[in-house]
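Using our numbering, the letters of the sequence shown correspond one by one to residues 1 to 442.
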Amino acid sequence: MADIIKVEHLSYVYNPGLPTAVTALDDVSFTVEEGDFVGIIGATGSGKSTLITHMNGLNKPTSGKIYIDGRDLWADPEKIRDFRFLTGLVFQYPEYQLFEETCYKDIAFGPKNMGLDEAEVDRRVHEAADFVGLDPALLERSPFELSGGQKRRVAVAGVMAMKPRILVLDEPAAGLDPEGRDDILSEVKEYHKKTGTTVLLVSHSMEDIAKYANRVLVMSNKKIAMYDTVEKVFARAPELLGLGLSVPQVTKIFLKLREMGVDYLYLNPIFEAHSNHRYNTADYLNVDPLLGTNEDFETLCKEAAKYGIGIVLDGVFSHTGSDSRYFNREGRYGEGGAYRDPNSPYRSWYDFDPKHEGGYRSWWGFETLPEVNEETPSFVEFITGEGGVIDTWLRRGAAGFRLDVADELPDDFIEKIRAAVKRGRINPLSPLPLAPKPQGAI
Ligand code: ADP
Ligand code: MG
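In structure tokens:
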């Protein structure tokens with residue numbers, strides 16, 4: 001893709017020639033590809049705000065060049081206005097710049113200035129309000145009646161409504177409560193995803209940058225210290241810490257594990273189950289809510305993979321819980337299930353026979369742990385078939401399985417599990433490339 005921003009040897013001095021002269025940018029060069037989401041981070045005073053005010057010509061380089069969409073920004077100072085629409089700049093605390101009597105007028109200010117007709121302006125105001133999650137009922141209200149977070153949204157919408165090719169935001173979450181922060185940043189991310197607009201986001205939170213950006217530009221002492229993908233920059237955690245910057249908590253943990261020589265993390269059963277040992281599986285396809293969500297698991301696998309660490313799972317396939325969506329003795333999962341419904345698709349998984357205590361075969365006679373017949377084709381298919389349990393977890397990012405209760409499984413079922421793992425690990429949908437097989441994992 002083409003570079004939408006190209007900065008060459010940019011330097012900037014405030015108050016040049018005066019005793020108060022300050023060099024704020026020193027020989028900065030970088031490019032941004034169209035559609036990128038770049039996080040800009042650095043200590044206070046490192047030059048972040050000065051850098052971004054150059055992107056739409058608010059500051060003129062003391063030396064060096066800036067090209068936006070291939071055009072030299074300062075080639076013709078008369079045309080600088082064009083760049084104000086090409087690069088939309090949201091300042092820090094932008095709500096202080098609201099001034100119109102209604103939110104609608106504030107958001108419409110930019111598009112009107114661009115000379116758009118009223119219908120187009122109206123369309124854009126509503127679209128932008130929608131992007132930032134602003135209730136349309138608030139459009140006719142004065143911005144001064146709104147909460148801090150809502151005012152901030154109006155200010156951001158005003159810039160979005162100009163449909164800039166590049167959206168630049170200087171600490172858009174500063175001063176908001178944690179919920180407000182997440183909201184506004186997710187809205188920006190959503191906007192980026194939907195419109196493909198290039199985004200430059202200044203933030204002092206590594207967690208935010210990790211969550212939203214795909215590239216990071218690290219400023220230090222008026223220069224670029226690093227500029228790379230999020231993964232590559234975070235892998236240089238010791239240097240970041242040396243620059244006085246933090247790294248996300250999860251990065252710290254995986255770096256530490258890596259340092260300790262850990263290649264694989266083996267998780268005891270994590271599938272939904274209604275007791276803490278979790279050997280009484282209730283649902284093979286979902287993470288127990290006590291531990292998190294399926295998305296959390298995917299995130300964990302993705303993060304771990306960045307440090308070359310694989311996540312290996314356990315699964316208990318010799319029995320399920322009686323309190324499961326398959327057996328459902330306790331009725332938690334409605335009317336169906338093998339115990340309640342003789343026509344249940346799960347009925348054949350279990351051995352119902354009055355000779356057993358409780359009327360069914362169970363593990364060591366524990367009635368809460370009905371044994372599964374591992375030769376039942378529908379069970380084998382459910383666990384090891386295409387799109388089955390093994391496949392699902394590998395696609396979510398698991399690196400393999402290590403079964404604690406393997407001794408109770410028939411050999412050919414184990415063979416089928418092994419085949420499913422091997423097939424899944426080379427499945428293109430599986431995010432983790434083939435890693436060396438961990439000891440003891442199948
Ligand atoms: P950041 O946004 O990373 O905190 P800035 O770009 O605001 O950094 O500041 C970079 C340097 O420029 C700092 O040394 C700061 O004191 C100086 N600076 C910023 N704005 C001005 C200004 N208006 N006049 C003089 N110096 C300034
Ligand atoms: Mg700043």
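Ideal Cβ placement from N, Cα and C applies to all residues, glycine included. Since this is a predicted model, take the numbers as computed values, not measurements.
beta-carbon residue i near the ligand MG non-hydrogen atom, thresh 6 Å
{"i": "Lys-194", "result": "no"}
Cβ-heavy atom distance, residue i to the ligand ADP, below 6 Å
{"i": "Gly-336", "result": "no"}
{"i": "Gly-47", "result": "yes"}
{"i": "Thr-229", "result": "no"}
{"i": "Tyr-212", "result": "no"}
{"i": "Tyr-14", "result": "yes"}
{"i": "Ala-225", "result": "no"}
{"i": "Val-22", "result": "yes"}
{"i": "Thr-62", "result": "no"}
{"i": "Thr-87", "result": "no"}
{"i": "Thr-44", "result": "yes"}
{"i": "Thr-102", "result": "no"}
{"i": "Thr-50", "result": "yes"}
Reduced DSSP secondary structure (H/G/I, E/B, other) of residue i
{"i": "Leu-434", "result": "Residue placement at Leu-434 is poorly supported in this model, since its pLDDT is 41, which falls under 50; the coordinates are not used for a value here."}
{"i": "Asn-286", "result": "strand"}
{"i": "Thr-251", "result": "helix"}
{"i": "Ala-24", "result": "strand"}
{"i": "Gly-17", "result": "coil"}
{"i": "Ala-119", "result": "helix"}
{"i": "Phe-327", "result": "coil"}
{"i": "Tyr-333", "result": "coil"}
{"i": "His-9", "result": "strand"}
{"i": "Gly-440", "result": "Bear in mind that the predicted position of Gly-440 carries a pLDDT of just 44, short of 50, making it too unreliable to give a figure here."}
{"i": "Lys-65", "result": "strand"}
{"i": "Tyr-96", "result": "helix"}
{"i": "Ser-246", "result": "coil"}
{"i": "Asp-392", "result": "Checking the displayed sequence, the identity of residue 392 turns out to be Thr instead of Asp. Three-state result, Thr-392: helix."}
{"i": "Glu-101", "result": "coil"}
{"i": "Met-162", "result": "coil"}
{"i": "Gly-400", "result": "strand"}
Residue i vs residue j beta-carbon contact at 7 Å
{"i": "Ala-161", "j": "Ile-80", "result": "no"}
{"i": "Thr-87", "j": "Met-55", "result": "yes"}
{"i": "Gly-365", "j": "Glu-371", "result": "no"}
{"i": "Phe-91", "j": "Val-199", "result": "no"}
{"i": "Glu-303", "j": "Val-247", "result": "no"}
{"i": "Glu-272", "j": "Asp-288", "result": "yes"}
{"i": "Met-219", "j": "Ser-46", "result": "yes"}
{"i": "Val-132", "j": "Thr-62", "result": "no"}
{"i": "Tyr-333", "j": "Tyr-346", "result": "no"}
{"i": "Val-32", "j": "Ile-4", "result": "yes"}
{"i": "Ala-210", "j": "Val-233", "result": "no"}
{"i": "Asp-391", "j": "Gly-337", "result": "no"}
{"i": "Val-125", "j": "Lys-112", "result": "no"}
{"i": "Leu-409", "j": "Ser-318", "result": "yes"}
{"i": "Ile-270", "j": "Leu-291", "result": "yes"}
{"i": "Trp-349", "j": "Thr-376", "result": "yes"}
{"i": "His-9", "j": "Gly-70", "result": "no"}
{"i": "Ser-142", "j": "Glu-101", "result": "yes"}
Residue nearest to residue i in terms of C-alpha spacing, selected from the options
{"i": "Tyr-104", "options": "Met-55, Asp-69 and Val-159", "result": "Val-159"}
{"i": "Ile-184", "options": "Asn-214, Glu-101 and Arg-153", "result": "Arg-153"}
{"i": "Glu-367", "options": "Val-380, Tyr-339 and Gly-47", "result": "Tyr-339"}
{"i": "Val-262", "options": "Gly-64, Glu-272, Val-312 and Gly-149", "result": "Val-312"}
{"i": "Arg-84", "options": "Asp-72, Asp-76, Ser-63 and Leu-58", "result": "Leu-58"}
{"i": "Gln-97", "options": "Glu-187, Lys-194, Arg-141 and Val-156", "result": "Val-156"}
{"i": "Leu-201", "options": "Gly-180, Glu-171 and Glu-8", "result": "Glu-171"}
{"i": "Gly-308", "options": "Thr-23, Arg-124, Glu-140 and Arg-258", "result": "Arg-258"}
{"i": "Glu-34", "options": "Leu-25, Glu-8 and Tyr-67", "result": "Tyr-67"}
{"i": "Phe-30", "options": "Thr-293, Ile-52, Glu-415 and Asn-15", "result": "Ile-52"}
{"i": "Val-421", "options": "Val-389, Met-260, Asp-82 and Val-405", "result": "Val-389"}
{"i": "Leu-265", "options": "Phe-254, Lys-112 and Ser-324", "result": "Phe-254"}
{"i": "Leu-241", "options": "Leu-25, Glu-95, Lys-48 and Ile-41", "result": "Ile-41"}
{"i": "Thr-197", "options": "Arg-418, Met-226, Ala-173 and Ile-166", "result": "Ile-166"}
{"i": "Lys-416", "options": "Lys-163, Arg-395, Glu-381 and Ile-224", "result": "Glu-381"}
First through last residue of the alpha helix (DSSP H) which encompasses residue i
{"i": "Leu-267", "result": "Where Leu-267 is concerned, there is no enclosing alpha helix (DSSP H), although the beta strand (DSSP E) it sits in stretches over 264–267."}
{"i": "Phe-234", "result": "230–234"}
{"i": "Glu-272", "result": "Not the alpha helix (DSSP H): Glu-272 falls in the beta strand (DSSP E), residues 271–273."}
{"i": "Thr-443", "result": "Outside the shown range of the chain (1 to 442) lies residue 443, about which nothing can therefore be said."}
{"i": "Leu-240", "result": "237–242"}
Start-to-end residues for the beta strand (DSSP E) that takes in residue i
{"i": "Thr-87", "result": "87–90"}
{"i": "Leu-217", "result": "215–220"}
{"i": "Asp-170", "result": "166–170"}
{"i": "Thr-299", "result": "Here Thr-299 belongs to no beta strand (DSSP E); instead the alpha helix (DSSP H) covers 294–306."}
{"i": "Leu-39", "result": "For clarity, residue 39 is Gly in the given sequence; the question names Leu instead. Here the beta strand (DSSP E) through Gly-39 covers 37–42."}
{"i": "Leu-200", "result": "198–202"}
{"i": "Val-421", "result": "Unbroken run through Val-421 is the alpha helix (DSSP H), 411–425; no beta strand (DSSP E)."}
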